[in-house]
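This report refers to the structure that appears directly beneath it.
Protein chains: 2
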Amino acid sequence: MVSERKERILRIIVDEYVSKGVPVGSGTIAGRGLGVSPATVRNEMYELEEQGYLTQPHTSAGRIPSDKGYRHYVQALMAAVQPSAVEQRLICHQFHQVEREAEEWTRLAAAILSRMLNSVAIVTLPKPSESRLQRLELVSLQELLVLLVLILREAKVKHQLLALDEAVSEDELSSCARRLNAAYVGLMPSGFPVSSMELTPFEEQVTKATAQIMQAEDQEEYEEPQVDGLRHILSQLEFASSKKVADIVALLEQRSLVKMLLPQVLTGEGLQVVIGGENRYEVMHECSVIVTRYGIPGEVGGAIGVVGPTRMQYDRAIPAVSFLSEVMSDLVNEVYG
Amino acid sequence: MVSERKERILRIIVDEYVSKGVPVGSGTIAGRGLGVSPATVRNEMYELEEQGYLTQPHTSAGRIPSDKGYRHYVQALMAAVQPSAVEQRLICHQFHQVEREAEEWTRLAAAILSRMLNSVAIVTLPKPSESRLQRLELVSLQELLVLLVLILREAKVKHQLLALDEAVSEDELSSCARRLNAAYVGLMPSGFPVSSMELTPFEEQVTKATAQIMQAEDQEEYEEPQVDGLRHILSQLEFASSKKVADIVALLEQRSLVKMLLPQVLTGEGLQVVIGGENRYEVMHECSVIVTRYGIPGEVGGAIGVVGPTRMQYDRAIPAVSFLSEVMSDLVNEVYG
DNA sequence: AGTTAGCACTCTTCCGCCTAGAGTGCTAAT
DNA sequence: ATTAGCACTCTAGGCGGAAGAGTGCTAACT
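Quick note, the sequences are listed as chains A and B, same order. The first sequence begins at 1 in our numbering and counts up by one. The second sequence begins at 1 in our numbering and counts up by one.
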């Protein structure tokens, strides 16, 4: 890939193919400003194909970019199209209109991304790298049923029902809450039970449940992914072989799989673009994933990204993901910073 | 629809068409135990078509049931296929293995239904008809940031961040929580602020937020619908006109629309079956919905159901929905009863 | 040497045509 | 009332040919 003209041609092919979805022929390219004839373009295209940047669906069709072609486009040729200032303000505005609540932000971010890019968006809840207890509450519901509410450091609230073996009075309940709060607040799950402390059986039960919830919390790297925009995959994806689409939807729908998908994509730092066959999962070979982390590095964060067909508007999608990750980071900073 | 033989024929047609997905011809039916010739069957089918129970895709194809045909089948002909005892026990077992938490149950119910029936399942969170405050907590996060945690009667926990105008000390925070708890516990959102009470500006703010959250809570009839099994709609639905499928997925994906869908379906009491064109939404005309309420009537409850193609295994789906609604009711009863 | 016009060639897509097969509706016989 | 027989209808699928798009090659041009 020496000549500058080849690069211009590749760029035109990507842009054209992404917007039209039809293999691009030499004629189309020649009529795009570079002042050469179709024949010249054909020679160049032949070499680009030799080098693996283009492929031909069949002898007498135009060319389409290969994965390698897209990669070069993304890394070297693409002119990023930032969301307009108006759009940016609009987005920020939407975030300030919604409840001040991480889950709402996550949902909103997924909805906005999905709508902006007409593709599937994935956003996980922000999650602290290690959870610490901020407060513990016990609320009596029935004689033998108590609600345990844990408030964790980063404004996260978890709750669970506890079934008791024998009744516990209101007084015992609040004294237990007081004692345990005094002992445990600020600790990570590994820190309790504090060995020096005598625990009643009930306190024991509460401690166990608390530790369990917090440990479960810490085990998952990404939490509660919001997936929005599955509808787009249907209208947009040309490889309508409904079997494949169904596989992809199944992959995205099951949270467990999103949790598997993210780590293998989010390896390095910064924004990652995984194109077509670069995906480790077979079913994703006709998709690209753009994803990045947001939040405060090492402290609290999540993942945000989109999944779309390989034929994707990278020049708009990459800045959009990037922008929304910044917005999310700012919000997280405001609250947890 | 007088003769018993016509009913047997209709029943065979529905069973056959549902399982094979191909229009059913007179030959197939004649070879199904009723000792008559194809010609006789044809005569009967002709009349069934006259009466609107069957339709013909074209002159020389077999018959398929019309919406009216399905309706008669569901109401009069169908032999309900209960989930086997083993299956029932397995399902109950799964519910007891999961955290004691309404959201987990809802999610699990949707997953089970979706898997049992290979179709889309919708389950809403159980929701009390009127929310009452059980406890209110204030947790300081930063100097100007407080987390308000509301615990409502039915073991429901809501939380929201409050941004303060000026700092509030820990002492003020806990005294505020104490005062407001004393005044508001057990009340419905309409009950406060209690007029006889002097409120500090901060208490005012907390009161407002509390009332707002609870009112928002009460406005929605169905809460947080879990939708599972969208993947099935793709593989299963024959009307693969991807435009239509995309519309349906969009309808189901957006929570707001599920919220619109349920009320118009769940009109009467008990389990509802809405077949094909009986659906009010145009896009749903090739789908059937089976849905029912669960919970404690008048107190706390939600909706549970499935959406599938009109060509659905009603004989299995109806008992399955029914069974899972009972399981959910039992769980709700255990906790809130 | 790089570029280009010209042209034959290839391959897909679309259309119409045809046939095989399925299933019907009618008629006449039982 | 039922049924065998049969002509009829309609679809799905295969085949062939024409149109169109785009290539690759060659020979001429700058």
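Heads up, the beta-carbon is just placed ideally off N, CA and C, and yes, glycines get one too.
### Query
How about Val245/A: is its C-beta nearer than 8 angstroms to some C-beta of chain B?
Position 245 of the first sequence, counted from the start, is the residue given in the question as residue 245/A. With 8 angstroms as the cut-off, Val245/A counts as an interface residue toward chain B.
### Query
Cα separation between Gln51/B and Ile64/B?
The residue labelled residue 51/B in the question sits at position 51 within the second sequence. The residue labelled residue 64/B in the question sits at position 64 within the second sequence. If you take the alpha carbons of Gln51/B and Ile64/B, they lie about 14 angstroms apart.
#### Entry: Span of the alpha helix (DSSP H) around Glu204/A
Position 204 of the first sequence, counting from 1, holds the residue named residue 204/A. Where Glu204/A is concerned, the enclosing alpha helix (DSSP H) stretches over Pro201 to Gln219.
#### Entry: Buried/exposed call for Glu355/B, threshold 16 Cβ in 10 Å
Outside the modelled stretch of chain B, which goes from 1 to 337, sits residue 355/B, for which no answer is possible.
#### Entry: DSSP-derived helix/strand/coil call for His285/B
Within the second sequence, residue 285/B is the residue found at index 285, counting from 1. Note: His285/B maps to coil in three-state DSSP.
### Message
For Pro225/A, report the span of its alpha helix (DSSP H) as first-last.
### Response
For this step, residue 225/A is matched to residue 225 along the first sequence. It is not in any alpha helix (DSSP H) - Pro225/A instead sits in the beta strand (DSSP E) that spans Glu223 to Asp228.
### Message
Closer than 8 angstroms between beta carbons: that is the criterion. Which residues of the region 44 to 73 of chain B meet it against chain A?
### Response
none
### Message
I believe Thr210/A touches Leu136/A by the beta-carbon criterion, under 8 angstroms. Please report the beta-carbon distance rounded to the nearest angstrom.
### Response
Looking up residue 210/A in the first sequence gives position 210. Looking up residue 136/A in the first sequence gives position 136. Yes, Thr210/A and Leu136/A are in contact; Cβ-Cβ is about 6 angstroms, under 8 angstroms.
### Query
What did DSSP end up calling Glu137/B once you bin it into helix, strand or coil?
Reading the second sequence from its first residue, position 137 is the one you call residue 137/B. It is a strand residue.
### Message
I want to know whether the region 254 to 261 of chain A touches the region 214 to 230 of chain A - three or more CB-CB distances under 8 angstroms.
### Response
yes
### Task
Return the first residue and the last residue of the beta strand (DSSP E) that Val307/B is part of.
On the second sequence, residue 307/B is found 307 positions in, with the first residue counted as 1. Residues Val300 to Pro309.
### Query
According to DSSP, is Gly295/B helix, strand or coil?
In the second sequence, residue 295/B corresponds to position 295, counting from 1. Of the three classes helix, strand and coil, the one that applies to Gly295/B here is strand, per DSSP.
### Query
If you measure beta-carbon to beta-carbon, which residues of the region 81 to 115 of chain B are closer than 8 angstroms to chain A?
Glu99, Arg100 and Glu101
### Query
Taking just the CA atoms, how far does Val146/A sit from Gln272/B?
For the purposes of this step, residue 272/B is taken as the residue at position 272 of the second sequence. For the purposes of this step, residue 146/A is taken as the residue at position 146 of the first sequence. So the alpha carbons of these two residues sit roughly 35 angstroms apart.
### Query
If we ignore side chains and look at the alpha-carbon of each, how far apart do Thr28/A and Val86/A end up?
Within the first sequence, residue 28/A is the residue found at index 28, counting from 1. Within the first sequence, residue 86/A is the residue found at index 86, counting from 1. Spanning the two alpha carbons is a distance of roughly 34 angstroms.
### Query
Quick one: what's Gln142/A bridged to in DSSP?
Locating residue 142/A in the first sequence gives position 142, where the first residue counts as 1. Partner(s): Leu145/A.
### Query
So Lys127/A and Val300/A are in contact, right, with Cβ under 8 angstroms, and what is the actual spacing, rounded?
For this step, residue 127/A is matched to residue 127 along the first sequence. For this step, residue 300/A is matched to residue 300 along the first sequence. About 7 angstroms; that satisfies the 8 angstroms criterion.
### Query
Which of helix, strand or coil does DSSP assign to Val98/A?
Here residue 98/A refers to the residue found at position 98 of the first sequence. In this structure, Val98/A counts as coil in the three-state DSSP scheme.
### Task
Return the Cβ separation of Thr207/A and Leu180/A in integer angstroms, given the expectation that the two are a contact with Cβ distance under 8 angstroms.
As a position in the first sequence, residue 207/A is number 207, starting the count at 1. As a position in the first sequence, residue 180/A is number 180, starting the count at 1. The Cβ separation is near 7 angstroms, so the contact holds.
### Query
Can you list the residues of chain A that Val335/B reaches, using a CB-CB cut of under 7 angstroms?
Here residue 335/B corresponds to residue number 335 of the second sequence, with the count starting at 1. Within 7 angstroms Cβ-Cβ: Leu145 and Leu161.
### Query
Over what stretch of residues does the beta strand (DSSP E) that includes His58/B continue unbroken?
If you number the second sequence from 1, residue 58/B lands on position 58. Premise fails: His58/B is in no beta strand (DSSP E) and is neither H nor E.
### Task
Could you tell me whether the Cβ of Glu141/B comes closer than 8 angstroms to any Cβ of chain A?
Locating residue 141/B in the second sequence gives position 141, where the first residue counts as 1. The sequence as given places Leu at residue 141/B; Glu does not occur at that position. With 8 angstroms as the cut-off, Leu141/B counts as an interface residue toward chain A.
### Task
For Glu137/B, return the contacting residues in chain A, with the cut-off set at a CB-CB distance below 9 angstroms.
On the second sequence, residue 137/B is found 137 positions in, with the first residue counted as 1. By Cβ distance, chain A contributes Arg135, Glu137, Val149 and Ile151.
### Query
Exposed or buried, what is His93/A when buried is set at 16 or more other beta-carbons lying within 10 Å of its beta-carbon?
For the purposes of this step, residue 93/A is taken as the residue at position 93 of the first sequence. Per the 10 Å Cβ criterion, exposed.
### Task
Spell out whether any CB of chain B is found under 8 angstroms from the CB atom of Glu326/A.
Mapped onto the first sequence, residue 326/A falls at position 326. It does not; no Cβ of chain B falls within 8 angstroms.
### Query
For Pro189/B, does the three-state DSSP call read helix, strand or coil?
Taking the first residue of the second sequence as position 1, residue 189/B is located at position 189. It is helical.
### Message
Rounded to the nearest angstrom, what separates Gly298/B and Leu331/B at their Cα positions?
### Response
Looking up residue 298/B in the second sequence gives position 298. Looking up residue 331/B in the second sequence gives position 331. When rounded, the distance between both Cα atoms is 16 angstroms.
### Query
With contact counted as at least three CB pairs below 8 angstroms, one residue from each stretch, are the region 310 to 327 of chain B and the region 272 to 292 of chain B in contact?
yes
### Query
Which chain A residues are close to Val249/B, counting only those with a beta carbon under 7 angstroms from its beta carbon?
In the second sequence, the residue the question calls residue 249/B occupies position 249. Result: Leu230, Arg231 and Leu234.
#### Entry: Residues near Ile9/A in its chain [Cβ-Cβ closer than 8 angstroms; skip 5 each side]
Sequence index remark: in the first sequence, residue 9/A carries index 9 (1-based). Here the set comprises Ile29, Leu34, Val41, Glu44, Met45 and Leu48.
### Query
Got a sec? Which residues, its chain only, sit under 7 angstroms from Ser140/B by beta carbon, not counting five neighbours each side?
Your numbering for residue 140/B matches position 140 in the second sequence. Only Val146, Glu170 and Leu173 meet the Cβ criterion.
### Query
Hey, Val274/A and Ile122/A are a contact pair by Cβ (cut 8 angstroms); roughly how many whole angstroms apart?
Within the first sequence, numbered from 1, the residue matching residue 274/A stands at position 274. Within the first sequence, numbered from 1, the residue matching residue 122/A stands at position 122. Not a contact, Cβ separation roughly 13 angstroms.
### Query
Rounded to a whole number of angstroms, what is the C-alpha to C-alpha distance between Gly69/A and Val321/A?
Numbered from 1 along the first sequence, position 69 holds the residue referred to as residue 69/A. Numbered from 1 along the first sequence, position 321 holds the residue referred to as residue 321/A. Near 22 angstroms, if we compare the C-alpha coordinates of Val321/A and Gly69/A.
#### Entry: Beta-carbon proximity check, Asp67/A vs Gly276/A, cutoff 8 angstroms
Along the first sequence, read from residue 1 onward, the residue named residue 67/A stands at position 67. Along the first sequence, read from residue 1 onward, the residue named residue 276/A stands at position 276. Yes, they are a contact pair.
### Message
Measuring only the C-alpha atoms, how far is Phe341/A from Tyr281/A?
### Response
In this structure chain A extends from 1 to 337, so residue 341/A is not present and cannot be described.
### Message
Please list the terminal residues of the continuous beta strand (DSSP E) segment that includes Thr124/A.
### Response
Position 124 of the first sequence holds residue 124/A. Looking at the DSSP string, the run of the beta strand (DSSP E) that includes Thr124/A is Val120 to Leu125.
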